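**Q**
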Amino acid sequence: MSTAHYDVHGNIAVIRLDNPPVNGLGLALRQGIVDGVLRAESDDAVKAVVLIGSDRAFSGGADISEFGTDKAMAEPNLNTVINYVESSRKPVIAAISGACMGGGLELALGCHYRIAKPDAQIALPEVKLGLLPGAGGTQRLPRVIGAEHALNMIVSGSVVPAKQFKGSALFDELIDGELLDAAIAYATKVVNEQLPLKKVRDLKVRHDNPEGFFMFTRNTVGAMAKNYPAPLKCVDAVKAAVTMPFDKGMQVEREAFLNLMQTPESRALRHAFFSERLTSKIADVPADTPVRDIKKVGVIGGGTMGTGISINFLNAGIPVTLVEMKQEGLDRGVAAIQKVYEGRVKKGRMSEDDARAKMALLTPSLSYDDLGDVDVVIEAVFEEMGVKQSVFEKLDEVCKPGAILASNTSTLDLDKIASFTKRPEDVIGLHFFSPANIMKLLEVVRGEKTAKDVLATAMKLAKAIKKTAVVSGVCDGFIGNRMINQYQREALLMLEEGASVQQIDKAIEKFGFAMGPLRMADLAGGDIGWAIRKRQYAENPDMVKMVVADRLCEMGRYGQKTGAGFYRYEPGNRNALPDPEVDKVIDEVRAELGITPRKISNQEIVERCVYALVNEGAQILDEGIAQRASDIDMVYLTGYGFPVFRGGPMRYAEEVGLPNVVRAMQAFTEDRHTQPGFWEPAALLAQRAADGKGFDAK
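Note that numbering that gives the first Met the number 0 numbers the sequence shown so that position 652 is 651, with each residue one more than the last.
Have a look at this one:
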């Protein structure tokens, strides 16, 4: 249970915050701080109070386990706690190490003195949840480091080491030695020298030209913030710190905080925050499931994906054996990895020594036999079942017992791949997204026979290489690609019905996607989608064919890599340029299919593309392919450029209202060109809409 421990050292009381892992300011801890301050005040022998956390954290802020519960705002709330500390008749000294963020920093700012380790991490990151600091952070921080520095920190939410504030009023002293001893010594000094009870609220914020500064800042922040209201509210609150008395500024901050709490953007960002933490929880795999030791990794395939995968492990300090079949391909793969590290050195993101150390962990090889001692091997070869079969039969032969055999397949049946080995329990899917060393998402595909310890190991490994891992069951395309197939399908059908390439992409990008569906297809490579469609046509003869996309591929227009796809591309330039040749193909296809083009609104484009994602996502949930709707949202937020301020497709559908989504889908069934039954709401979507519940409701 979170609490605050109270001890007395001579005439100094010490209140130690204890709510692992980061001393979140939950109700019990808040009450413990208040009780400790009152106890110290009532003891004549106590002359000062030290407030201290752990080496890992003074306090990371609010206790996220209480979000959405009555405890979050129950008294004493954080403002009340800070008032008790600030109004104490005896000096309170904050002793800071590790994380001092959000409400933790606001609590420290309420203390009369602050000492810190130079490497303590200081931040007010609330803007990342679509909020602003709600316990005086926007009013007190400018008073100790100045309006400009404070505003930069608050608007960005960035973490800054304490040593950067040396000489400012934020810290009275930076401590290199043992923190508690130093804090007691500093408190003793305050008592012996009868130093005043300094209150940050009494300081003035001075600026030579506040009106000009805040006008400029509003314009700059407004241009950057776009779909996020919180940054501009931060500007308003810091301006109040400069231009208004403290109590009036606190009112401005409070009103802005409460207003932002109700915005869909903040709800979406908070949803994403908690959803990311939920992805690691697997219903039938306990947190204490034993994991396998991973000391060495093998990667098969030195192409773009294989080299990107390798870089992840090299970055984490894990040795990699990279296997290719031909020397030319192997040399090309090693050179690609080397180029990435050289680029980082050139940009000042890593030292030459560090780059050399990473490359030293790489062992290039032309032989499967060199994989005999790896603990996990990941194949990143051509997406064709026959190729996968030959690879996994060979891995089964050469890899040691207990080695995890992983496939980077994006669509193929993992259970069939596992059947090519005599150890299907050791087979798992690790679907990285390109570029694999940059994209955060990792789909962890759990086969029918995948062992629980293999799954637990994969999730731990994902964390080691800083990926957001989402568990998927086995189906065609898993979570992400199965859904994107329906999204792309609607975009392609609307091309035939009357929309233009540019209109579709612009409508989706205005909605907030990083890239429209047709630009995305050109980036990924049209031949990849074409190969998948041809397989699906063969498996499902009644499937409506994507004639425009197929025709462009037949012409060799595969996107950026061939200089032409839905757009044309000039050499050395990734800008998507309109191409009359594509318009000609679209007109020809419409004529062949007997389609009279009609005017399609941007709203219809967005709804058909996004609701296609939602309906397929609901089906995936109903089938148990995904554990929860929020996992689907994380796939789309971290792997497919879905706008973060909308929270993911499933969250967005709930924000719109599931009955409204179903109603729109029913209207789409009237379009004669659509696939029969395509817009029939998934059973789970229809049920949740009828019940008035969200997807993850019990």
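Where is the CB? At the ideal position from N, CA and C, for every residue including glycine. Just so we're clear, the structure is a prediction, and the values are computed from it rather than from any experiment.
What does the alpha-carbon distance come out to for the pair D632 and D690?
**A** In a straight line, the C-alpha of D632 is about 22 angstroms away from that of D690.
**Q** Look at the alpha carbon of I121 and the alpha carbon of I144, and state the distance between them as a whole number of angstroms.
**A** Rounded to whole angstroms, I121 to I144 spans 12 angstroms at the Cα level.
**Q** If you draw a straight line from the alpha carbon of D578 to that of V290, how long is it in whole angstroms?
**A** So the two alpha carbons sit approximately 53 angstroms from each other.
**Q** Indicate the three-state DSSP secondary structure (helix, strand or coil) for L194 in the structure shown.
**A** Looking at L194 - three-state DSSP - the assignment turns out to be coil, as it is neither helix nor strand.
**Q** Using the Cα positions of K225 and P263, report the straight-line distance between them to the nearest angstrom.
**A** The straight-line gap from Cα to Cα measures roughly 14 angstroms.
**Q** Candidates Q163, H148, I153, A119: which alpha carbon is nearest G129's?
**A** G129 has its Cα closest to that of I153, out of Q163, H148, I153, A119.
**Q** What are the start and end residues of the alpha helix (DSSP H) that includes I604?
**A** Element bounds for I604: 601–621.
**Q** Classify Y227 as helix, strand or coil using the three-state DSSP reduction.
**A** Here Y227 sits in coil by DSSP.
**Q** Would you check if there are 3 or more beta carbon pairs closer than 8 angstroms linking the stretch 466–482 to the stretch 609–622?
**A** Counting Cβ pairs under 8 angstroms, three or more are found: they touch.
**Q** Give the DSSP-derived three-state secondary structure of A580 in the structure shown.
**A** The question names Ala, yet the displayed sequence has Glu at residue 580. Three-state result, E580: helix.
**Q** Return the CA-CA distance between S471 and F477, expressed in angstroms with no decimal places.
**A** Answer to the nearest angstrom: the Cα atoms are 6 angstroms apart.
**Q** Please state whether the Cβ-Cβ distance between G428 and L404 is less than 7 angstroms.
**A** No, they are not a contact pair.
**Q** Which class does M324 belong to by DSSP, given the choice of helix, strand or coil?
**A** Residue state, collapsed to three classes: coil.
**Q** How long is the line joining the alpha carbons of A457 and L268, rounded to whole angstroms?
**A** Roughly 27 angstroms separates the two Cα atoms.
**Q** Measure the Cβ-Cβ separation of I183 and I11 and say whether it is below 7 angstroms.
**A** Yes; because the gap between Cβ atoms is below 7 angstroms, this pair is in contact.
**Q** Can you give the Cα-Cα distance for L131 and V397, rounded to whole angstroms?
**A** Distance between the alpha carbons of L131 and V397 is about 56 angstroms.
**Q** Would you report the Cα separation of F644 and K505, rounded to the nearest angstrom?
**A** Their Cα atoms are separated by approximately 18 angstroms.
**Q** Could you spell out where the beta strand (DSSP E) holding I317 opens and where it closes?
**A** Element bounds for I317: n/a, residue is neither H nor E.
**Q** By alpha-carbon positions, which one of Y227, V386, D235, K203 ends up nearest to T713?
**A** This structure gives no information on residue 713, because the portion of the chain shown stretches from 0 to 697.
**Q** Please tell me whether A98 and A56 are closer than 7 angstroms, where the distance is taken between their beta carbons.
**A** Yes; because the gap between Cβ atoms is below 7 angstroms, this pair is in contact.
**Q** Tell me the DSSP secondary structure of Y367 in three-state form.
**A** Correct three-state label for Y367: helix.
**Q** What number of angstroms, rounded off, separates the C-alpha of S167 from the C-alpha of V45?
**A** Straight-line Cα distance between these residues: approximately 29 angstroms.
**Q** What are the boundary residues of the alpha helix (DSSP H) that includes G31?
**A** It spans 26–41 - the alpha helix (DSSP H) in which G31 sits, taken as one unbroken run.
**Q** Determine, using beta-carbon pairs with one atom in the stretch 514–525 and one in the stretch 486–495, whether at least three such pairs fall under 8 angstroms.
**A** Yes, the stretch 514–525 touches the stretch 486–495.
**Q** Quick check on the DSSP output: the beta strand (DSSP E) that includes Y83 runs from which residue to which?
**A** No beta strand (DSSP E) holds Y83; the alpha helix (DSSP H) holding it covers 77–85.
**Q** Helix, strand or coil for I437? Go by DSSP, reduced to three states.
**A** I437: coil per DSSP, three-state reduction.
**Q** Under 8 angstroms Cβ to Cβ from D395, same chain only, skipping five residues before and after it: list those, please.
**A** Within the same chain, D395 has close Cβ partners L404, F419, T420, K421, R422.
**Q** Of all the alpha helix (DSSP H) runs that stay within the bounds of the stretch 374–403, which reach a length of 4 or more residues?
**A** Segments of the alpha helix (DSSP H) lying fully in the stretch 374–403: 384–397.
**Q** Taking the CB atoms as reference points, tell me whether V298 and V375 lie closer together than 7 angstroms.
**A** Not in contact: V298 and V375 (Cβ atoms no closer than 7 angstroms).
**Q** Mind the definition here: the stretch 22–42 touches the stretch 61–74 only if three or more C-beta pairs lie below 8 angstroms; say whether that holds.
**A** Yes, the stretch 22–42 touches the stretch 61–74.
**Q** Alpha carbon to alpha carbon, how far is E378 from N407?
**A** Distance between the alpha carbons of E378 and N407 is about 6 angstroms.
**Q** In terms of residue numbering, what span does the beta strand (DSSP E) encompassing I121 cover?
**A** Looking at the DSSP string, the run of the beta strand (DSSP E) that includes I121 is 120–122.
**Q** Just to confirm before moving on: does the CB-CB distance between A548 and L491 stay below 7 angstroms?
**A** A contact, by the Cβ cut-off of 7 angstroms.
**Q** Does the stretch 304–314 touch the stretch 333–342, meaning 3 or more C-beta pairs lie closer than 8 angstroms?
**A** The answer is yes - the stretch 304–314 touches the stretch 333–342, with three or more Cβ pairs under 8 angstroms.
**Q** Buried or exposed for G248, going by 16 or more other Cβ atoms inside 10 Å?
**A** Under this definition G248 is a buried residue.
**Q** Are the CB atoms of L259 and K238 within a distance shorter than 7 angstroms?
**A** No, the pair does not count as a contact, with Cβ atoms beyond the cut-off.
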